[in-house]
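Note that the working numbering has the sequence shown beginning at 3, numbered continuously upward.
For glycine and all other residues, C-beta sits at the position ideal for the given N, C-alpha and C.
This report refers to the structure that appears directly beneath it.
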Amino acid sequence: MPFTRLLLTTTLCAVLGAIAGRQTRPVVMETVVAASTKPVISPTQAAASFQAKPPPFTSSTASMEWVWLQMEKGDTTAAERFFRKDAGLTDEQRLSLARELVQNGRRMDPRVLARIVMSLPRGDESDRLLWRLVSDWCSYDAEDALRFIEVLPADRLNTAGILVNSAFGLADLPVERLLAFAATLNDKGRAYLVEGLVGFADQVGSWRNTSAILAKLNVQPDKAAISAEWFLGRNLGEIDPQAIESQIAAETDPVRRDKLLSGYAQTLESIDPERSIALEAQTTDSAGNVRERVEFWLSIDRAAALAWLQSEAARQLMDRTARVELLRTYQLEATP
């Protein structure tokens, strides 16, 4: 009997406790259940769910203002939403907005810009936007830019627009890094890369780094690329005349030597026209180029150029017919 009573008492307490619990804790229980069943949302998903939809396109200026406003709120990819199909922009409008974005590229993530530019229909203007983008990108973060450049499709990678324009920044990369990249290019691409490296040689901080790269690149000449030797003569003539004169003296290939001489002559045509003409006269087919140098001299210092035209040096270095024609232009007669 005591056992039965204990059981009944215990059972009754349990029932009453359950009833009391149900009456006094309904909100807490519902809250706990709701919290336990709510899906976990990552910060990325949360940000995506609140991405603002771009306004209808009225002008590039108005769209840019909206982009800057969104970026101030931390929405770094806002510009991309104008280039989705559901934004409804025409190709011309997309191109116009992309042009504004690239012009203000330093305010944006370059990879966002790259995705935008690569989404445009292929054409001359979209290509130029891509070239401008990589040129600017390479100037402040060459390694990051190169990681983008080296995965471009081959028909966009092996072009003068990409490789010449990016060379200014790429020249500062370690020699082995740039050589590894050059190995992935075709012959035309390597010729363009060399053209760019040499073309910017007078502007980059270290000619030693550039020359080390050039020394290890086995580049075949390409008709579409401007001669690397011509650029080398021009730019090395500005930063290290002794070095280029030594290289000209050591060059045994007559074609390469002509290009070195002509490039070096270009460097000197404003500061030492007579020396420039003398260098050009050493090339294999000098007549036309010598005349061009003299005509340039006439345009900047007519009196000095005319005096030279009547000198013994002019008679020795210049084609007689060309010399007579130039003198007669200025009502002067050539001496025998």
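DSSP three-state assignment for residue i, whether helix, strand or coil
i, result
"P123", "coil"
"Q47", "With a pLDDT of 40 at Q47, under the threshold of 50, the modelled position of this residue cannot be trusted; read the value that follows with caution. Residue state, collapsed to three classes: helix."
"R27", "Reliability fails at R27, whose pLDDT of 38 lies under 50, so the model's placement of it is uncertain and the value that follows must be treated cautiously. Correct three-state label for R27: coil."
"G19", "For G19, the predicted structure reports a pLDDT of 45, less than 50, and the residue's modelled location is therefore unreliable. The matter cannot be settled from this model."
"T154", "First, the amino acid is wrong: residue 154 is Leu here, not Thr. Correct three-state label for L154: coil."
"I273", "coil"
"E351", "Summary: the structure shown does not reach residue 351, with the chain confined to residues 3 through 338, and so no result is reported for it."
"L8", "In this predicted model, L8 has a pLDDT of only 36, less than 50, meaning its place in the structure is not dependable; the value taken from the coordinates is given anyway. If DSSP states are grouped into helix, strand and coil, L8 belongs with the helices."
"L99", "helix"
"A37", "Unreliable placement is indicated for A37, whose pLDDT of 37 sits below 50; no coordinate value is reported for it."
"E32", "Because E32 sits at a pLDDT of 34, beneath the cut-off of 50, its placement in the model cannot be relied upon, and the point is left open."
"P176", "coil"
"K55", "coil"
"S313", "coil"
Nearest residue (CA-CA) to residue i, options the options
i, options, result
"G191", "S168, E231, D287, E178", "S168"
"A162", "L199, V153, V177", "L199"
"P123", "S98, Q105, V136, A144", "S98"
"A214", "Q244, G235, A185, L180", "L180"
"E145", "G90, K75, L175", "L175"
"L103", "E197, D93, A116, L91", "A116"
"A306", "T323, I273, T285", "I273"
"T79", "L308, D111, R130, S288", "D111"
"E152", "S288, E178, T92, A185", "A185"
"Y142", "L154, L172, L159", "L172"
"V196", "L329, F150, L216", "L216"
"L219", "E240, Y194, R236", "Y194"
"R259", "D242, R236, A309", "R236"
"R109", "S121, A81, T92", "A81"
Fill in: Sufficient close CB pairs (3 or more, under 8 Å) joining the stretch 240–247 to the stretch 275–282
no
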